[in-house]
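Number of protein chains: 2
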Amino acid sequence: MITGKNYIGSTLSAEGTITYKTFNPITNTENQHTFYEATEAEIDTAVLLAAKAFTEFRFVSGQRKAAFLNAIADEILALDDELIQTYCSETGLPEGRAKGERGRTVFQLRSFAELVAEGSWVEATIDYGIPDREPAPKPDLRKMNIPLGPIVVFGASNFPLAYSTAGGDTAAALAAGCPVIVKSHPMHAGTGELVASAIVKAAEKTGMPNGVFSNLNSSGIEVGVQLVKHPEVKAVGFTGSIRGGRALLDLAAQRPEPIPVFAEMGSINPVVILPQAISDRGAELAKTYAGSITLGTGQFCTNPGLILGLKSEELTNFIKQLGTEISSLQPSVMLHPNIHQAYESNKKNATQQEAVQIVSSYENEIKTNYARQMVVTVEGETFLQNPKLHQEVFGPFSMVVQCDNAEQLERIIASLEGQLTGTMIAGDSELENFADVVNALQNRVGRIIFNGVPTGVEVCPSMVHGGPYPASTDSRFTAVGIHSIKRWVRPFSYQNWPNELLPDELKDSNPLGIQRTINGKLA
Amino acid sequence: MITGKNYIGSTLSAEGTITYKTFNPITNTENQHTFYEATEAEIDTAVLLAAKAFTEFRFVSGQRKAAFLNAIADEILALDDELIQTYCSETGLPEGRAKGERGRTVFQLRSFAELVAEGSWVEATIDYGIPDREPAPKPDLRKMNIPLGPIVVFGASNFPLAYSTAGGDTAAALAAGCPVIVKSHPMHAGTGELVASAIVKAAEKTGMPNGVFSNLNSSGIEVGVQLVKHPEVKAVGFTGSIRGGRALLDLAAQRPEPIPVFAEMGSINPVVILPQAISDRGAELAKTYAGSITLGTGQFCTNPGLILGLKSEELTNFIKQLGTEISSLQPSVMLHPNIHQAYESNKKNATQQEAVQIVSSYENEIKTNYARQMVVTVEGETFLQNPKLHQEVFGPFSMVVQCDNAEQLERIIASLEGQLTGTMIAGDSELENFADVVNALQNRVGRIIFNGVPTGVEVCPSMVHGGPYPASTDSRFTAVGIHSIKRWVRPFSYQNWPNELLPDELKDSNPLGIQRTINGKLA
Chain A
1153 MITGKNYIGS
1163 TLSAEGTITY
1173 KTFNPITNTE
1183 NQHTFYEATE
1193 AEIDTAVLLA
1203 AKAFTEFRFV
1213 SGQRKAAFLN
1223 AIADEILALD
1233 DELIQTYCSE
1243 TGLPEGRAKG
1253 ERGRTVFQLR
1263 SFAELVAEGS
1273 WVEATIDYGI
1283 PDREPAPKPD
1293 LRKMNIPLGP
1303 IVVFGASNFP
1313 LAYSTAGGDT
1323 AAALAAGCPV
1333 IVKSHPMHAG
1343 TGELVASAIV
1353 KAAEKTGMPN
1363 GVFSNLNSSG
1373 IEVGVQLVKH
1383 PEVKAVGFTG
1393 SIRGGRALLD
1403 LAAQRPEPIP
1413 VFAEMGSINP
1423 VVILPQAISD
1433 RGAELAKTYA
1443 GSITLGTGQF
1453 CTNPGLILGL
1463 KSEELTNFIK
1473 QLGTEISSLQ
1483 PSVMLHPNIH
1493 QAYESNKKNA
1503 TQQEAVQIVS
1513 SYENEIKTNY
1523 ARQMVVTVEG
1533 ETFLQNPKLH
1543 QEVFGPFSMV
1553 VQCDNAEQLE
1563 RIIASLEGQL
1573 TGTMIAGDSE
1583 LENFADVVNA
1593 LQNRVGRIIF
1603 NGVPTGVEVC
1613 PSMVHGGPYP
1623 ASTDSRFTAV
1633 GIHSIKRWVR
1643 PFSYQNWPNE
1653 LLPDELKDSN
1663 PLGIQRTING
1673 KLA
Chain B
1153 MITGKNYIGS
1163 TLSAEGTITY
1173 KTFNPITNTE
1183 NQHTFYEATE
1193 AEIDTAVLLA
1203 AKAFTEFRFV
1213 SGQRKAAFLN
1223 AIADEILALD
1233 DELIQTYCSE
1243 TGLPEGRAKG
1253 ERGRTVFQLR
1263 SFAELVAEGS
1273 WVEATIDYGI
1283 PDREPAPKPD
1293 LRKMNIPLGP
1303 IVVFGASNFP
1313 LAYSTAGGDT
1323 AAALAAGCPV
1333 IVKSHPMHAG
1343 TGELVASAIV
1353 KAAEKTGMPN
1363 GVFSNLNSSG
1373 IEVGVQLVKH
1383 PEVKAVGFTG
1393 SIRGGRALLD
1403 LAAQRPEPIP
1413 VFAEMGSINP
1423 VVILPQAISD
1433 RGAELAKTYA
1443 GSITLGTGQF
1453 CTNPGLILGL
1463 KSEELTNFIK
1473 QLGTEISSLQ
1483 PSVMLHPNIH
1493 QAYESNKKNA
1503 TQQEAVQIVS
1513 SYENEIKTNY
1523 ARQMVVTVEG
1533 ETFLQNPKLH
1543 QEVFGPFSMV
1553 VQCDNAEQLE
1563 RIIASLEGQL
1573 TGTMIAGDSE
1583 LENFADVVNA
1593 LQNRVGRIIF
1603 NGVPTGVEVC
1613 PSMVHGGPYP
1623 ASTDSRFTAV
1633 GIHSIKRWVR
1643 PFSYQNWPNE
1653 LLPDELKDSN
1663 PLGIQRTING
1673 KLA
């Protein structure tokens, strides 16, 4: 049941006077529930409760944390239709997408449950002492990963489930042993509260300390700012815009005790289509890419916003075909009027730059909050000279850059800011001839794709969802997959510690039966 | 041979007009060589050369990188007596220490050589595709660690070899495939240049690209500032003071593209001595700790600057014994008059705080630049109330805090800033009774030691040399041991990439025979 209140641990609380509602972009009306923005006192209480919970939660066994994570998944599924309907009413996204995203969220939670139940993720490393070593004895040293402390998670507007309240950041943090305080996304506050209730219920059922999770409502930036500044907060996870992520990074860096911020932010996901591929299957590629550009109304961080090709008749044809394909698709609704407005304004900015040609723009009548998809094209030199053309237009928009030659193509790629993904579309054995282009692209991205589309982020250990700034604030981590737990842990070393007082992970007898590295060898 | 010039790759360069000399604290005179501070143009050239070298170096095989690292070790040893004499004349440290530190440096280089020659450090992770999976095909994804790009390394005043020019940061970065630009420490510029010449020679002998290493002289902060701001620099390693490290962290955070800074900074390394231990072997502990406090004139980042005990007659006796032991030791010289001055001034600051009692201070006649060791003591409440008492006094100084009870002890530990180490000194089965104290301590440190001294940092995979801020700027990494390579790499993912074009680490046939995780299982 949606109450509009904050969860401070297991307590529902609504002490504030600032209220807001979520919005249904399809009906173009507000949804019914009123949400109470968290007050300064509520924020402080939630963080202090998390810090207190941490003293217990950090020692909770992997088995018990797994039970907690699995219970969250169960409770989310138990929310059933209420969750799906709330999700749809707060996003305009279809039921199929809601259920798919729920499945992904549940899968992520269960993956982390499996990871921590098994236990080897702590990377236990043991070097036995050599008491009679000369000139000095070698101490016994044993290292494992331990949790950082309370984590603040900012959910994404475009993934109310998989990258929000109980999404990847939260699942990874709880798995690590870190309490989580979610700054609820105002566009899907109802979905957020429902998921929060599932987490709180799961925590109670599995005996987790109160405060292991809190959910704070917020319609502006103040709640987030106060959270990131709070001395008891030890790290931040964020998915959203470059401006938002950078603001949090700056705040965290200015603290007396700076803390890590992992923000997954904007990306235009360059796609290079090589000549052979375009001549072999230009029409098919145009169709595929029209689909990828408009998927989910273009509201994916892996949306292909930039397509790079070498000038040729075939490229000209491809651009025409892409234009035709994309105008033939039915427009769809955006998540929120604000997002729709930003889309239209960013699109206008892009098209008003010098020498930008509109290839195709959907011009028929359209419902409120629906997005008119668009493809534009520019010359390579124009793109190189104008950094404004490198900016993301969040929505069903893409820009085709016509490069003079491979050398210019390489320079353009090298000039790009960091990206989540890069894609190479090539004909048989064509890729070998563009090694410099591939190398330049690799240097700018977190994931490189061959003959596919960047949309679709598989949840598996080999996935990197991140990349050089501003794709993320720290390219050394991924936001997706079990290794995303590394964002929230630190290595810790015990020297000559009594064996019986070591955590089980490091005891001589290895009671958990985990994989460990002993004296440099995997055991 | 020392020339006083900068190494811009393999080229010796001295275009600047700012010059300086190093200083021999024992003779209290300047050393002979004149060093030329790098100019803006030289800095820019060095970084651009590093960026160019990176395009080649990042693809150099593990075997060839190992040959390079081993060649550096060989060339350092070949410098022989010139290196040792220069080291001693620039630090006042004895020959035995110089040779010991050289051994450590060579060991670190060879450890990284072994690591990259073997190759499994890239953490290759493969998830095979499932083309017929419903509702969507599962792509083939393969992930491994790749280097970040050019790294700037700031050496430490107190470790001219092991934490400077070819020290841990440099060895780890080169092993990762990152070119290195060293901002030479002005106090040991001659030692730095000699080691730089060894690296350059090794790079030439093993066919590494020019620019894989540069060494820039600098007597002030400008060279470092320009380096950290340079857009082609991708990360920073630093060992030194909190003020210096924080300044670099702030600079890096304010860049258009923020970059990671790993700074290993100050620490007072709290040592808790429990009642049973003090009553069993107080005299022995006093002797041991007098030695640890004065080791290397107290110029170790793991120096025990804070000793915590529970008020008792035994503690009073221990404090007296510690005072007696420490005054019985011969004072030794500090690294530089500036460091000596800072020591005297910080010590004065500490002793002038209210209710600080001097237990023992060496008062006999003393040579210039030698440090008068000191032990002081305060009440627990005094320490809790005055954050100035928490500040590091770099040198042979320690403060004994007399706590009223275990609860106050725990509160004091919780109030400390982050530390590199924490030590528990306990009698038989005594530790079990102080679980809360141990937990509080664990929360503030990177390494916890039982019945030992914090000085002495073993180089092995299980070592954590780092810890919560300000012990380091990012507790998720260590500065010592092979895992310190993780600071300079990022995970990178290939999706559906042609097998023959994948790096060897990810090819189906596993030509390098490295350990990999395939479909979630170690293979």
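Protein chains in written order, with our numbering: chain A, 1153 to 1675; chain B, 1153 to 1675. Glycine residues also receive a C-beta, built at the ideal position from the N, C-alpha and C atoms. Quantities reported herein were computed from a predicted structural model and do not represent experimental measurements.
Return the first residue and the last residue of the alpha helix (DSSP H) that residue i is part of.
{"i": "Gln1428(B)", "result": "Pro1427 to Thr1446"}
{"i": "Val1347(B)", "result": "Ala1341 to Lys1357"}
{"i": "Ala1202(A)", "result": "Glu1192 to Phe1209"}
{"i": "Leu1239(A)", "result": "Leu is not the amino acid found at residue 1239(A); the sequence shown has Tyr there. Its alpha helix (DSSP H) spans residues Gly1214 to Thr1243."}
{"i": "Lys1251(B)", "result": "Glu1247 to Glu1270"}
{"i": "Tyr1495(B)", "result": "Pro1489 to Thr1503"}
{"i": "Arg1398(B)", "result": "Ile1394 to Gln1406"}
{"i": "Ser1479(B)", "result": "Glu1465 to Ser1479"}
{"i": "Leu1541(A)", "result": "Leu1541(A) -> no alpha helix (DSSP H), and no H or E assigned at all."}
So the candidates are the options; which of them puts its Cα closest to the Cα of residue i?
{"i": "Met1615(A)", "options": "Val1377(B), Gly1672(B), Gln1594(B) and Phe1629(B)", "result": "Gly1672(B)"}
{"i": "Asn1367(A)", "options": "Ser1316(A), Ile1373(A) and Gly1359(A)", "result": "Ser1316(A)"}
{"i": "Trp1273(B)", "options": "His1635(B), Ser1661(B), Ile1670(B) and Ser1645(B)", "result": "His1635(B)"}
{"i": "Gly1532(B)", "options": "Asn1521(B), Val1545(B) and Glu1559(B)", "result": "Glu1559(B)"}
{"i": "Leu1379(B)", "options": "Leu1458(B), Pro1331(B) and Ile1195(B)", "result": "Ile1195(B)"}
{"i": "Gly1307(A)", "options": "Gln1237(A), Asn1297(A) and Gly1320(A)", "result": "Gly1320(A)"}
{"i": "Thr1169(A)", "options": "Arg1628(A), Gln1525(A), Pro1613(A) and Ala1193(A)", "result": "Ala1193(A)"}
{"i": "Glu1384(A)", "options": "Ala1592(A), Val1199(A), Ile1298(A) and Asn1648(A)", "result": "Val1199(A)"}
{"i": "Ser1162(A)", "options": "Asn1180(A), His1185(A), Arg1596(A) and Ala1205(A)", "result": "Ala1205(A)"}
{"i": "Asn1591(A)", "options": "Tyr1280(B), Gly1301(B) and Phe1259(B)", "result": "Gly1301(B)"}
{"i": "Ser1645(B)", "options": "Leu1654(B), Arg1563(B), Lys1638(B) and Arg1639(B)", "result": "Leu1654(B)"}
For residue i, does the count of other Cβ atoms within 10 angstroms reach 16, so buried, or fall short, so exposed?
{"i": "Phe1390(A)", "result": "buried"}
{"i": "Arg1668(B)", "result": "buried"}
{"i": "Ile1282(A)", "result": "exposed"}
{"i": "Ala1507(B)", "result": "exposed"}
{"i": "Leu1674(A)", "result": "exposed"}
{"i": "Ala1442(B)", "result": "buried"}
Kindly list the residues whose CB is nearer than 7 Å to the CB of residue i, restricted to its own chain and excluding five residues on each side of it in sequence; keep chain order.
{"i": "Thr1503(B)", "result": "Ile1510 and Val1528"}
{"i": "Gln1473(B)", "result": "Gly1434, Ala1435 and Ala1438"}
{"i": "Leu1403(A)", "result": "Val1377, Val1380 and Lys1381"}
Using a Cβ-Cβ cut-off of 8 Å, state whether residue i counts as contacting chain B.
{"i": "Leu1583(A)", "result": "yes"}
{"i": "Thr1669(A)", "result": "yes"}
{"i": "Arg1642(A)", "result": "yes"}
{"i": "Glu1409(A)", "result": "yes"}
{"i": "Leu1591(A)", "result": "The question names Leu, but residue 1591(A) is Asn in the sequence shown. True, the Cβ-Cβ gap to chain B drops below 8 Å."}
{"i": "Leu1653(A)", "result": "yes"}
Ends of the beta strand (DSSP E) at residue i?
{"i": "Ser1165(B)", "result": "Thr1163 to Ser1165"}
{"i": "Arg1599(B)", "result": "Val1597 to Phe1602"}
{"i": "Pro1299(B)", "result": "Leu1293 to Pro1299"}
{"i": "Leu1462(A)", "result": "Leu1458 to Leu1462"}
{"i": "Ala1387(B)", "result": "Ala1387 to Thr1391"}
{"i": "Lys1335(B)", "result": "Val1332 to Lys1335"}
Below 6 Å CB to CB, which residues in the same chain sit around residue i once its five sequence neighbours on both sides are set aside?
{"i": "Ser1371(B)", "result": "Tyr1172, Glu1189 and Pro1338"}
{"i": "Arg1398(A)", "result": "none"}
{"i": "Glu1227(A)", "result": "Ala1350, Lys1353 and Ala1354"}
{"i": "Thr1358(B)", "result": "Ala1219, Phe1220 and Ala1223"}
Within the 8 Å Cβ cut-off, does residue i reach chain A?
{"i": "Gln1647(B)", "result": "yes"}
{"i": "Gln1428(B)", "result": "no"}
{"i": "Lys1295(B)", "result": "yes"}
{"i": "Ile1278(B)", "result": "yes"}
{"i": "Ile1677(B)", "result": "Residue 1677(B) lies beyond the range of chain B shown here (1153 to 1675); nothing can be said about it."}
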